[in-house]
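Read through the structure below, which is laid out as structure tokens, and then see the notes.
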Amino acid sequence: MARIIDGKALAATTRARVAEEAAAFTREHGRAPGLEVVLVGEDPASVVYTRNKEKAAAEVGIRGALHRLPASASQRELLEFVARLNADDAVDGILVQLPLPKGLDADAILDAIDPAKDVDGFHPLNAGLLAVGRGGLVPCTPKGCLALLDHDLATEGEPLDLAGKHAVVIGRSNIVGKPMAQLLLARNATVTIAHSRTRDLPALCREADILVAAVGRARMVRGGWLKAGAIVLDVGINRDADGKLCGDVDTTEALSHAAAVTPVPGGVGPMTIAMLLSNTLLAARARLAASAAP
Ligand code: NAD
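If you want our numbering, it's the position in the sequence shown, counting the first as 1, plus 3.
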């Protein structure tokens, strides 16, 4: 029987560490790190996600607000709003919740966010820095996945050695799949990115020492797709036919094939928010360091 990787527990530990560091930042600099979350429209899932982000930030001593704009907001209004946040020196992190309502150009909005405040890590500059292995702000979900891997498999405090391990990432989005692949590659894993046009996905998955599923299809990955002893990170958030929350992996089946599996809920999801808080602190520190530089 596989281990369940407890994302809630690691997220709680991470949030407690961020709270300590945010308090130290506030003492040293006379202001708290600041995160502003922008929600356009009323998408029900986005309303829940952004409220959770606002609440989690307040709990760790990160200052900021959730700004709600109507679905009728124009591209120009949203760009002006982002420009105001860019110009505000007390704002360290800006997050514009996706998806945006139809008619708004998400790429143009993301491009307009100051890369130094881009705590989601979606700006092309940050994506490029990740691709060339030069830091920058890294997208929260893949960063959380890597933290879960490290935590679950660390031996005596040493990070997990991923060198030469075959990692299969299902999904090639800019938000999860591609940055996940970059992070695993940077740790010397042999990475395959699978997607909707991949042939014989089950056979490919059976070669994976590490499998990351970021697809958005309820329980698509079956137990028989897994190599014995694989580590499975399930990013998907779906509703099954009965309306029950589930991931991209059939967790029950996976537990009898793999070595370790993240559950949904309680796996990757909580880590995404914890990494957002961590990124906000990183952005705050980096901005201060940049402003102090000669
Ligand atoms: P997306 O729709 O942008 O990308 C999905 C990817 O899956 C695409 O690259 C597509 O090629 C691939 N795909 C689709 N059908 C496939 C198939 N049959 N076989 C193989 N690949 C297939 O989605 P996304 O934004 O990357 O999110 C993926 C999932 O992760 C969604 O369920 C989303 O809700 C979830 N998600 C969770 C978190 C979290 O915090 N846990 C964060 C972001 C996204």
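We treat Cβ as the ideally placed atom computed from N, Cα and C, and that holds for glycine.
Just to confirm the assignment, what range does the beta strand (DSSP E) spanning E39 have?
L38 to V43
At which residue ranges does the region 14-75 contain complete beta strand (DSSP E) runs of 3 or more residues, listed in the order of the chain?
38-43 and 69-72
Boundaries of the alpha helix (DSSP H) in which A289 is found, first to last residue:
V271 to A295
DSSP has I97 in a bridge; who is on the other side?
E39
Reduced DSSP category for R242 - H, G, I as helix; E, B as strand; rest coil
strand
Kindly examine the ligand NAD and report whether one of its heavy atoms sits closer than 7 Å to the Cβ of R30.
no
Proximal residues to H198 (C-beta, below 8 Å), its chain only, five neighbours per side dropped
I173, G174, R175 and G180
Check whether the Cβ of G219 sits closer than 7 Å to any heavy atom of the ligand NAD, and report yes or no.
yes
Using 8 Å for Cβ pairs, my map puts L280 next to I65. What's the rounded Cβ distance?
6 Å
Could you give the distance in angstroms between the alpha-carbon of L307 and the alpha-carbon of H32?
Examination of residue 307 is not possible in this model, given that the chain is present from 4 through 297 alone.
Under 8 Å by Cβ, that's how I've got P182 and G124 pegged, so tell me the actual separation to the nearest angstrom.
7 Å
Only counting the same chain, and skipping five residues up and downstream in sequence, which positions put a Cβ closer than 8 Å to that of A111?
Q78 and L82
Do A74 and V43 count as a contact pair if the criterion is CB distance below 8 Å?
yes
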